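**Student:**
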Amino acid sequence: MQVDQFVEQFRRALAVADPRATVTARVRLLLPLIEQRLANGSSYAAVVEDLNAAGIPISHSFFSKALWRLRQPKKPHTSTTEVPILTQPSHSVAAPPITSTTPVQAPVLRTEAVQGRPNAIESPADLRRYREMNIDLDALREEGRAMRAKPKSS
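Counting in the working numbering, the sequence shown runs from -18 upward without gaps.
1) Assign Val(-3) to buried or exposed, taking buried as 16 or more other Cβ atoms, counted over all protein chains shown, within 10 Å of its Cβ.
2) I think Leu10 touches Ala27, with their Cβ atoms under 8 Å apart; what is that distance to the nearest whole Å?
3) Along the chain, which unbroken stretches of the alpha helix (DSSP H) at least 4 residues long are found entirely within the region 28 to 57?
4) Taking 7 Å as the limit between beta carbons, can you name the residues of its chain near Arg157, skipping five residues before and five after?
5) Let me know if Asp119 comes out buried or exposed under the rule of 16 or more other beta-carbons within 10 Å of its beta-carbon.
6) Exposed or buried, what is Val85 when buried is set at 16 or more other beta-carbons lying within 10 Å of its beta-carbon?
7) Among residues of its own chain, excluding the 5 on either side of Arg18, which ones have a beta-carbon nearer than 6 Å to its beta-carbon?
8) Are the beta-carbon atoms of Tyr25 and Phe43 separated by less than 8 Å?
9) Would you report the Cα separation of Ala127 and Leu121, rounded to the nearest angstrom?
10) Which class does Pro0 belong to by DSSP, given the choice of helix, strand or coil?
11) Taking the C-alpha atoms as reference points, what is the distance between Ser104 and Gln(-14)?
12) Suppose the cutoff is 6 Å on Cβ atoms and the five residues either side in sequence are ignored; what does the same chain contact list for Tyr111 look like?
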């Protein structure tokens, strides 16, 4: 029967998976088979039924959400740009420049409106500093107006 064939395909693919893996990780492993089934006209309900028969306890709503998330393009976690690091050789032969990928951070804005602001919250003392900040609301309003007045660059 065709249904048993699909369940067996899922079981064979899951045989190499870590048994402690999450349901989403197992669905990620089976994603090519699932996409093929869906492209051939199978419904989500049929795929979920076969996944349950193969040993993956999953509901229809969880399956649709997991499938949607797995289909999304990967977003980079941190923005890194390639920054050339030039080195001067001690001899006359020119060496090619050495490049390194390092994260580039935007400059920290220091405004007159907010004074005493810590860079990051790393301890309860940083939270106390936030409570004790001096905020000039008039200056903050003027800075906001100035920022909105600037033309946006793309």
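All C-beta atoms, glycine included, are put in the ideal place defined by N, C-alpha and C.
Being a predicted model, the structure only gives us computed values, none of them experimental.
**Tutor:** To lay it out plainly:
1) It counts as exposed.
2) So it is not a contact: roughly 19 Å between Cβ atoms.
3) As far as the region 28 to 57 is concerned, its whole alpha helix (DSSP H) runs of at least 4 residues are 41 to 52.
4) Because residue 157 is not part of the residues shown, which for the chain are -18 to 135, the question remains open.
5) Exposed is the call here.
6) Reliability of the predicted coordinates at Val85 is poor, the pLDDT of 46 falling under 50, and no value is obtained from them.
7) The answer, listed in chain order, is Val28.
8) No, Cβ-Cβ distance for Tyr25 and Phe43 is not below 8 Å.
9) Distance between the alpha carbons of Ala127 and Leu121 is about 10 Å.
10) Reduced to three states, the DSSP call for Pro0 is coil.
11) Taking C-alpha positions only, Ser104 is separated from Gln(-14) by approximately 57 Å.
12) Listed in chain order, the non-local C-beta contacts of Tyr111 below 6 Å within the same chain number zero, local neighbours out to five positions each way being set aside.
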